[in-house]
Structures are given as C-alpha cells and as structure tokens.
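What follows is one structure encoded as structure tokens, with my remarks underneath.
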Amino acid sequence: MAKLTAYLAFLIFFAAMLSTFQAQVTKYCEHEIVVGTGPSRGPTTKLKMLIEAIGGRNINTTNLIKNWGAMGPKHAYFLPNSLDKFRATLPCLPANFCYVQIGGKKGELVPHWFLNNITVETKGDGIYRIKSFNYFGDDGDVKSIYPYVDDGECP
Numbered sequence: 000m001a002k003l004t005a006y007l008a009f010l011i012f013f014a015a016m017l018s019t020f021q022a023q024v025t026k027y028c029e030h031e032i033v034v035g036t037g038p039s040r041g042p043t044t045k046l047k048m049l050i051e052a053i054g055g056r057n058i059n060t061t062n063l064i065k066n067w068g069a070m071g072p073k074h075a076y077f078l079p080n081s082l083d084k085f086r087a088t089l090p091c092l093p094a095n096f097c098y099v100q101i102g103g104k105k106g107e108l109v110p111h112w113f114l115n116n117i118t119v120e121t122k123g124d125g126i127y128r129i130k131s132f133n134y135f136g137d138d139g140d141v142k143s144i145y146p147y148v149d150d151g152e153c154p
C-alpha cells in the first residue's frame, strides 16, 4: 500500500511539473512587414520600427534592414514606388496590431519621403493575422506627415 501511495504521489507530482513546463512554452510567429514607398526614395540609414498590438505589447527593432531585411543582401531598400519585405520570427502577440512607426536619428528621415502603406502579417500555430496601415485617406490626402499611423484601436 505504501508503494502504491508513493507511486501515485510521484505521478501527481510529474503531471504537475509537466503542466507547468507546458505553460511556460512560448509560441513563436513569423512576422512579415511589407513597406510601400511613395514617389520619392527613402533613407538608407539605420531605421527603427515599432509595432504595437492591442493591449500594449510591441515588437521593436533598432535596425530594420539589417535585422529584418528579407530581400537579399544587395537589395536597395525604399526605392521610389517599391514594396520592400522584412521578416522575423519572434514570440506571438495576443492581439492584432494597432500602431506602427518607422523612425531614425534626427535628420535621417528626409521630409520628402512618403510611405503609401505598411502591411503586417503574422503567422503561427493557429494564428493568422494581417493588418494594413495606410498613410493616405480615401480622398487621396496624406493622413500622416510623419511615418507613423494609429488605427484608433490602441489604448
């Protein structure tokens, strides 16, 4: 009887440890960002990007081209009227994105650089989300002068 009790206690302990381990497993998603550049060339310097999800969690990179660039090492990014892709595999976020910003050091973002749109796609185990941020309104006027946009869903 004592052996059976010890065996059952071990099984209960093992099951508790296994469930704790499974709860700590982080799910990873592939995040793809497509940036549509407007009629003028963008900067080629080190840019940072911040993408925030509903609820406040975010993805932040300090060197978008070096850390996320998905178009090959010799590709010229941000040419006029082009689409550039960036990818990274990072922990999944619990909600869709609601804010995006591209920035750099003072003076790196030339005032004539316009973005048409930024699309963020997230794929993971049971997760597929896509969100587009447009810099022009339905009337063709620029919605945002600076390269950030908020769809109003962020807290």
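Under numbering that gives the first Met the number 0, the first residue of the sequence shown is numbered 0, with each subsequent residue one higher. Heads up, the beta-carbon is just placed ideally off N, CA and C, and yes, glycines get one too.
| Item | Value |
| --- | --- |
| Meets three-Cβ-pair contact criterion under 8 Å: the segment 35-44 and the segment 53-62 | no |
| Backbone secondary structure at residue 53 - three-state DSSP | coil |
| Cut-off 7 Å between Cβ atoms - residues of its own chain near residue 125, not counting five sequence neighbours on either side | none |
| Alpha helix (DSSP H) runs contained entirely in the segment 37-100, provided each spans 4 or more residues | 63-67 |
| Three-state class that DSSP yields for residue 33 in the structure shown | strand |
| Length of the line joining the Cα atoms of residue 77 and residue 24 | 37 Å |
| Within 9 Å, strictly: CB atoms of residue 61 and residue 45 | yes |
| 8 Å CB neighbourhood of residue 93 in its chain, flanking five on each side removed | 52, 54, 56 |
| N-terminal and C-terminal residue of the beta strand (DSSP E) that residue 127 is part of | 126-133 |
| Where the beta strand (DSSP E) through residue 119 begins and ends | 114-123 |
| Environment of residue 129 [buried if 16+ CB atoms lie within 10 Å] | exposed |
| Beta-carbon separation (whole angstroms), residue 90 vs residue 26, contact threshold 8 Å | 7 Å |
| Secondary structure of residue 103, DSSP reduced to three states | coil |
| Buried/exposed call for residue 82, threshold 16 Cβ in 10 Å | exposed |
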